[in-house]
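Okay, structure first, notes after.
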Amino acid sequence: MGIFEPFRAIGYITSSVPFSVQRLGTETFVTVSVGKAWQIYNKFVFNEGPQLPKKIRALASYRDYTFAAYGNDIAVFKRAHQVVATWSRHSEKVNLLLLFGEHILSVDVKGNLFIWAFKGIDQNLAPVGHILLEDKFSPTCLMHPDTYLNKVIIGSQEGSLQLWNISSKKKLYEFKGWSSSICCCVSSPALDVVAVGCADGKVHVHNVRYDEELVTFTHSTRGAVTALSFRTDGQPLLASGGSSGVISIWNLEKRRLQSVIKDAHDSSIVSLHFFANEPVLMTSSVDNSIKMWIFDTSDGDPRLLRFRSGHSAPPLCIRFYANGRHILSAGQDRAFRLFSVIQDQQSRELSQRHVSKRAKKLRVKEEEIKLKPVISFDFAEIRERDWCNVVTCHTDTPRAYVWRLQNFVLGEHILTPSTDNQTPVKSCTISACGNFAVLGTEGGWIERFNLQSGNSRGTYMDMSERRNYAHDGEVVGVACDATNSLMISAGYHGDIKVWDFKGRELKSRWDVGSSVVKIVYHRPNGLLATVADDMVIRLFDVVALRMVRKFEGHTDRVTDMCFSEDGKWLLSSSMDGSLRVWDVILARQIDAIQVDVSITALSLSPNMDVLATSHVDQNGVYLWVNQAMFSGASNLDLYASGKDVVRVKLPAVSSKGHADNDSDNSTANHLQIKDTVCAPRFDYQIPDLITLSLLPKSQWQSLINLDIIKVRNKPIEPPKKPEKAPFFLPSVPSLSGEILFKPSDLALEEKQEKGDELESSKRKPDLPASHFLQLLQTSAETKNFTAFTDYIKGLSPSTLDMELRMLQIIDDEDQQEPEKRPEMYSIELLLDYFIHEISCRNNFEFIQAVIRLFLKLLWENFLHAVSALLITSPDLTCLSEVRRSLTSQFSVGWGKKACEMVELEKPEGRAILQNPVLYVFSPDCFYYPCYVFSLLIFLKIYISSHGWNKALDMPRLSALFKHCRYVKTYSSQALSIWWLENYADLQRFRMGASILWCLWKARNKLVFESVSPELHQILCAAATLHCDYFEPMSEIQVLSESILPSTPTTWKPPLVTDIKINVDGAFVTPKFVVAVVARNSEGAFLGCSTLVSNCSTPIEAEAMAFLLGAQFASRFHPIHTIIEGDAKLVVQALTGGNVPWRIRSTIIYINHLRSSGANICFAFVPRAANVVAHNLAKYAFDNNISDVWMGCHPPNCIVESITADRPTNPVNSN
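Structure (structure tokens):
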């Protein structure tokens, strides 16, 4: 089996088998066939029987018994649950069943009639009699005439009737019959009278006693008479149904037609039955519907009382609705239905507004009035109570229709695209807000409509297309993102386009490479799944504009796809009969099933518990359940088949399963699930993927501040003794927060046991004393910390804080040996756990919080020893001495890890952190002492090797270290407080902040990219950062003077095919002005623009000038545009150099414009070659002007400069 197990099928009401009616007291029960199962209706509340191996061919019922013929066998059920017996004597298919007193008569296609007794069926399964009919007599109907003891009448395909005595097994009489095949025969309330329906459309009312014809009626429509029924409440009426779906009511006294129910059913009538002594007629048809008609009108015509129906043709599209409680289904029968997954009585067809009245008025069939079959639809549940919230596209229809599901009715608006070439609407979608609907047509037109008013709200056009449409061909799919920012469309020729939803402008596009068949968009994660005619499923990240996944495996046309609600799964179906489940994160197929009938549509419920599918030539909707949601085993791999394809059967109409399944199978399944609960679990995770713990923030965010919270929440008054305290429940609180109830008489024994355990723990330091340490040690031995992680995740913040405080190192005066200190071993295990969890990247935010708490509680003990070592050996002349000194103090495993943390080389060499495992113990910068301590050590080493005195106060730092040698209470706080309190030395403080930030960035590279940091690179990056962020503009330009090549000193015109835009900025805190001027190869003015705003540095103003130039260049698209200015650092950043922090977002935006199709490049020119832009910026700054000038008349302030820059020979210019 796979992840999804067959559950049941919905939407099946009846089939082509006549129903069986019986009356018990005042209740009437109707048994109908639905494929391989059967259902019992009682005022449309039904019971269902189990599934049979084959389709049911005939039905009969008597009190608690139900008889169903399937194939060559007959199954006997009692109370709709138990299979009492199976009668297997027929060698051919059984077509007819008749209840005959305490016997059942069965007739097969070869004329074998068996008589079965169902009283005492447990003792005898053999028939009590057998009759072989004549060779040239093919039985078609079987009935028992009232008052004729032990006699039955059998109709034949040859048109004759025979009267048989069942008791003597003899043929008593053969009626002369008619020249047409007999389709049905029924007894009347009058004695000796029967009605016979023939294939030629005639109804014969015949007296069987005298073999005389009383009256003959002829149907006005073509086709056979398939069902008959006499009214039994005193009215002389006969109802006849034909293969055309028309029901005729005949008056027997007047011998004429009384009324006609046109379009009673869409297909052939299967059964008719007047309820005993009631003016109610029940009908069933092949169109999968059953109806009740009541004769209570003044003219005697019947009216529809109630009905139950499903699709009469296979569904084309299905979608879960109302949080998985309902399913919207659109079928080939032109019906749009809402199925209830919970209660079938709530299923209904959406109204298309007075179809019956319009059909009567126009004198046409209702089917001709209905809308054409739906090929695509979308909905927005958020707007169900406000306005129409469903939009549908129909076959060969150049318009879309809206529906209001609150009233289950067709809406009043019709969405018609405003294109001149009216082509069918092929795709539609509704925005996440539910206000807009977007339609795509066969001609490539895309238009947006307001659902509340039905008015058009603009079209999406790609001006590069030949016909100014959105796509050059059919629009196979449209989708909107979750924020109404983007609209995605797919063309048949493989072009995917991303549009600005509000502005309706094309933002980007890419080509799939093959003709696209279908797209599905997942709004929460922004993934677009496309399937092409090459049967390959491709997933694209709409934001990043690149393909992220590619799934192959289907061998025939892919019919449908859907995402799971969380976006982790993608389900796809194909005409090859397979349904495949793809894991989007792991990029692999995790399950595949094969069914006998190809899947045409599928939908997964929002809760991921039920999967709905529709199939070729199947009128129902099939439901599958997710085993992981309904079984005891939580590991998905126990069910998933992986790359293998497992063949399964379709879900049964009955949820009770197959009738021939014995209890052994269920027991085996139960044992299998029971065994799988204990099976090992294998978690698959993408490399470099970080997973979160999904714990509430309150459980880990306050860990570092528990002491503050305790002080703040300290009670003002002491606790008061309760008035009535229970004296009989002595309790002992455990470390996990549980209350352990102990008998009071065992208190002394408990104390003795605790004393013994304490003595043994002193003797054996490797034996943990608490459940926390026991679980930690067990997990460390098995190298599997999952149980320990689950345990500490279940602890409260205060309990976890207490557990870690128990590990603190107590500095005793006698200085115990390391091997006699059990807390050292426990801390080593805890460090192993931290290393394991960070390397696995599991429970990221929770582990970070625990490490922060660990550092706060235990870092000082460890850091005190390390700092003491550094003070006693300030020169650090030999790495081996450092390692040997550390090892002598911490000979246990924890001391060895400490050696790795401060593994430094000689200071006269290039200082470098050779084995940087410091990130394991210092995961974030919120707890700063450990970082500041490392920062100051690195600064000292760098100063001793490089002698950079510009940014540091070398004498003060040396004095600090000299002073700290004689301070016994030296700790990391001393260094950090000194660094933070000396904020007056702003230059040094800023340099320290820059190095601290670069250390944090290096730590991130180590964690996420496995790049080992070098101290030299960190300090160089800090120097660059310090210059970019804190140095004035003049110094930045001096530093970058040698980066760019020599440039011209006068303005040079562009080529004839190009345009050049000069940009410049003016800045006086906090105001800045940027200006851009565009000219062609002749130096002629094309346009200019200015912008006034606020910023904090000159470099930001220069970057904004280039951004305004890039935006201004879009006015001349697609002409190649050169943007030049006199800011070297900005040009360097735009051409691949280092990007200063202050302008990083601006540079990213400019590069985004360039990647979106802007044909621009950037160049540096000196101030002398940028006079026009400089003068315009000065003019705008003085007058505070933000404006745009286009055309041939520039502002007066730059006319003189433009004239001076004009070339003498523009054709031969650069």
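Residue numbers (my numbering): 57 to 1270. Every residue, glycine too, gets a C-beta built ideally from N, C-alpha and C.
_Beta bridge counterpart(s) of Asn506 as assigned by DSSP_ = Residue mapping note: residue 506 aligns to position 450 of the sequence shown, counting from 1. Answer by DSSP bridge pairing, in chain order: Phe492.
*Let me know the secondary structure DSSP gives Met6 once reduced to three states.*
The chain is shown only over 57 to 1270; residue 6 falls outside these bounds and no answer can be derived.
*Give, in chain order, every unbroken run of the alpha helix (DSSP H) that is at least 4 residues long and sits entirely within the region 1242-1268.*
1255-1261, all fully within the region 1242-1268.
_The alpha helix (DSSP H) enclosing Pro853, as first and last residue numbers_ = As a first step, residue 853 is located in the sequence shown; it is residue number 797 there, counting from the start. Counted as a single uninterrupted DSSP element, the alpha helix (DSSP H) harbouring Pro853 occupies residues Pro853 to Arg861.
_the region 653-668 / the region 366-379 touching (three or more Cβ pairs under 8 Å)_ = By the criterion of at least three beta-carbon pairs nearer than 8 Å, the region 653-668 is in contact with the region 366-379.
*Using CA coordinates, which residue listed in Arg1223, Met1160 and Phe619 is at the minimum distance from Ser1201?*
Within the sequence shown, numbered from 1, the residue matching residue 1201 stands at position 1145. Considering only alpha carbons, the answer is Met1160.
_At the level of alpha carbons, what is the spacing between Cys635 and Tyr457?_
In the sequence shown, the residue the question calls residue 635 occupies position 579. In the sequence shown, the residue the question calls residue 457 occupies position 401. Checking the sequence, you will find Leu at residue 635 rather than Cys. So the two alpha carbons sit approximately 31 Å from each other.
_Proximity below 9 Å, CB of Val1129 to CB of Ala1236_ = As a position in the sequence shown, residue 1129 is number 1073, starting the count at 1. As a position in the sequence shown, residue 1236 is number 1180, starting the count at 1. Yes, the pair counts as a contact, with Cβ atoms nearer than the cut-off.
_Measuring straight from C-alpha to C-alpha, what distance separates Ala1134 and Thr615?_
Taking the first residue of the sequence shown as position 1, residue 1134 is located at position 1078. Taking the first residue of the sequence shown as position 1, residue 615 is located at position 559. Using only the alpha carbons, I get a separation of about 53 Å.
*Could you pull out every residue in the same chain whose Cβ sits closer than 8 Å to the Cβ of Ile1115, ignoring the five residues on either side in sequence?*
Reading the sequence shown from its first residue, position 1059 is the one you call residue 1115. Once the five neighbours on either side are set aside, the close Cβ partners of Ile1115 are Ala1134, Arg1135, Asn1136, Leu1142, Ala1169, Phe1172, Ile1175, His1176, Thr1177 and Ile1178.
_Measuring straight from C-alpha to C-alpha, what distance separates Phe890 and Val653?_
Counted from its first residue, the sequence shown places residue 890 at position 834. Counted from its first residue, the sequence shown places residue 653 at position 597. Near 53 Å, if we compare the C-alpha coordinates of Val653 and Phe890.
*Would you mind stating whether Ser1242 and Leu1147 have Cβ atoms separated by less than 9 Å?*
Looking up residue 1242 in the sequence shown gives position 1186. Looking up residue 1147 in the sequence shown gives position 1091. The criterion of a C-beta distance shorter than 9 Å is satisfied by Ser1242 and Leu1147.
*asked:* Within a Cβ cutoff of 7 Å, which residues of the same chain sit near Gly569, ignoring the five residues on either side of it in sequence?
replied: Numbered from 1 along the sequence shown, position 513 holds the residue referred to as residue 569. Shown here for Gly569: same chain residues with a beta carbon closer than 7 Å to its own, the five before and five after excluded, namely Gly550 in chain order.
_Coarse secondary structure for Met519, derived from DSSP in three states_ = By one-based count along the sequence shown, residue 519 stands at place 463. Secondary structure of Met519 (DSSP, three-state): coil.
*Could one say the Cβ of Arg513 lies closer than 9 Å to chain C's Cβ atoms, at least one of them?*
The structure shown has no chain C; it contains just one protein chain.
_With H, G and I counted as helix, E and B as strand and the rest as coil, what does DSSP make of Arg605?_
Numbered from 1 along the sequence shown, position 549 holds the residue referred to as residue 605. In this structure, Arg605 counts as strand in the three-state DSSP scheme.
*Over the uninterrupted beta strand (DSSP E) stretch that includes Thr586, give me the two end residues.*
Residue mapping note: residue 586 aligns to position 530 of the sequence shown, counting from 1. Taken as a continuous stretch (DSSP letters only), the beta strand (DSSP E) holding Thr586 covers Leu583 to Ala588.
*Give the range of the beta strand (DSSP E) segment to which Lys482 is assigned.*
The count along the sequence shown starts at 1 and reaches residue 482 at position 426. Lys482 -> beta strand (DSSP E) spans Val481 to Ile486.
*Pull up the CB-CB distance for Cys449 and Cys484, whole angstroms please, since I reckon it's below 8 Å.*
The residue labelled residue 449 in the question sits at position 393 within the sequence shown. The residue labelled residue 484 in the question sits at position 428 within the sequence shown. Between Cys449 and Cys484 the beta-carbon gap is near 5 Å, inside 8 Å, which marks them as a contact.
_Using the three-state DSSP reduction, which class does Asn1136 fall into: helix, strand or coil?_
Along the sequence shown, one-based indexing puts residue 1136 at 1080. Three-state result, Asn1136: coil.
*Consult DSSP for Tyr121 and reduce its assignment to one of helix, strand or coil.*
Here residue 121 refers to the residue found at position 65 of the sequence shown. Tyr121 falls in the strand class under three-state DSSP.
*Short Cβ contact (9 Å threshold) for Lys318 with Lys416*: Looking up residue 318 in the sequence shown gives position 262. Looking up residue 416 in the sequence shown gives position 360. In this structure, Lys416 lies closer than 9 Å to Lys318 by Cβ.
*asked:* So, under 8 Å CB-CB, Val640 and Leu584 are touching, yes? Tell me the CB distance rounded to an integer number of Å.
replied: Within the sequence shown, the letter at position 584 stands for residue 640. Within the sequence shown, the letter at position 528 stands for residue 584. 12 Å between Cβ atoms; not a contact.
*Near Asp888, which residues of its chain fall below 7 Å by C-beta distance, leaving aside the five closest residues on each side in sequence?*
Here residue 888 refers to the residue found at position 832 of the sequence shown. The residues are Ala836.
*asked:* Using the three-state DSSP reduction, which class does Glu148 fall into: helix, strand or coil?
replied: Sequence index remark: in the sequence shown, residue 148 carries index 92 (1-based). Looking at Glu148 - three-state DSSP - the assignment turns out to be coil, as it is neither helix nor strand.
_Please list the terminal residues of the continuous beta strand (DSSP E) segment that includes Gln755._
Numbered from 1 along the sequence shown, position 699 holds the residue referred to as residue 755. Segment Lys753 to Trp756 is the alpha helix (DSSP H) holding Gln755; no beta strand (DSSP E) there.
*asked:* Going by C-alpha to C-alpha distance, which of Glu498, Asn581 and Gly547 sits closest to Ala538?
replied: As a first step, residue 538 is located in the sequence shown; it is residue number 482 there, counting from the start. Nearest C-alpha to Ala538: Asn581.
*Looking at the structure shown, is Ile746 part of a helix, part of a strand, or coil, going by DSSP?*
Position 690 of the sequence shown holds residue 746. Ile746: coil per DSSP, three-state reduction.
*CB-CB under 8 Å to Leu573, same chain, minus the five flanking residues each way: which ones, in chain order?*
In the sequence shown, the residue the question calls residue 573 occupies position 517. The identity of residue 573 in the sequence shown is Val, whereas the question assumes Leu. Correct list, in chain order: Val532, Val587, Ala588, Asp589, Arg613 and Val614.
*Contact check, Gly514 vs Leu471 under 8 Å by CB: the rounded distance?*
Taking the first residue of the sequence shown as position 1, residue 514 is located at position 458. Taking the first residue of the sequence shown as position 1, residue 471 is located at position 415. Going by Cβ atoms, the distance from Gly514 to Leu471 rounds to 13 Å, so no, they are not a contact pair.
*asked:* If you follow the alpha helix (DSSP H) that Gly1165 is in, where does it begin and where does it stop?
replied: Against the sequence shown, residue 1165 aligns to sequence position 1109. Run containing Gly1165: Pro1154 to Ala1169, per the alpha helix (DSSP H) assignment.
_Per-residue DSSP class, three states only, for Glu837_ = Here residue 837 is taken as the residue at index 781 of the sequence shown, counted from 1. It is helical.
*Would you mind reading off the limits of the beta strand (DSSP E) that contains Ala255?*
As a first step, residue 255 is located in the sequence shown; it is residue number 199 there, counting from the start. Run containing Ala255: none; DSSP gives neither H nor E here.
*Could you tell me the distance, in whole angstroms, from the CA atom of Gly279 to the CA atom of Trp172?*
As a first step, residue 279 must be located in the sequence shown, where it is residue number 223. As a first step, residue 172 must be located in the sequence shown, where it is residue number 116. Cα to Cα, the separation comes out at about 35 Å.
*Answer with buried or exposed for Arg359, where buried requires no fewer than 16 other C-beta atoms within 10 angstroms of its C-beta.*
In the sequence shown, residue 359 corresponds to position 303, counting from 1. Taking every protein chain shown into account, the CB of Arg359 has fewer than 16 other CB atoms within 10 angstroms, so this residue is exposed.
_Euclidean distance between Cα positions of Ser341 and Ser72_ = The residue given as residue 341 occupies position 285 in the sequence shown. The residue given as residue 72 occupies position 16 in the sequence shown. Straight-line Cα distance between these residues: approximately 7 Å.
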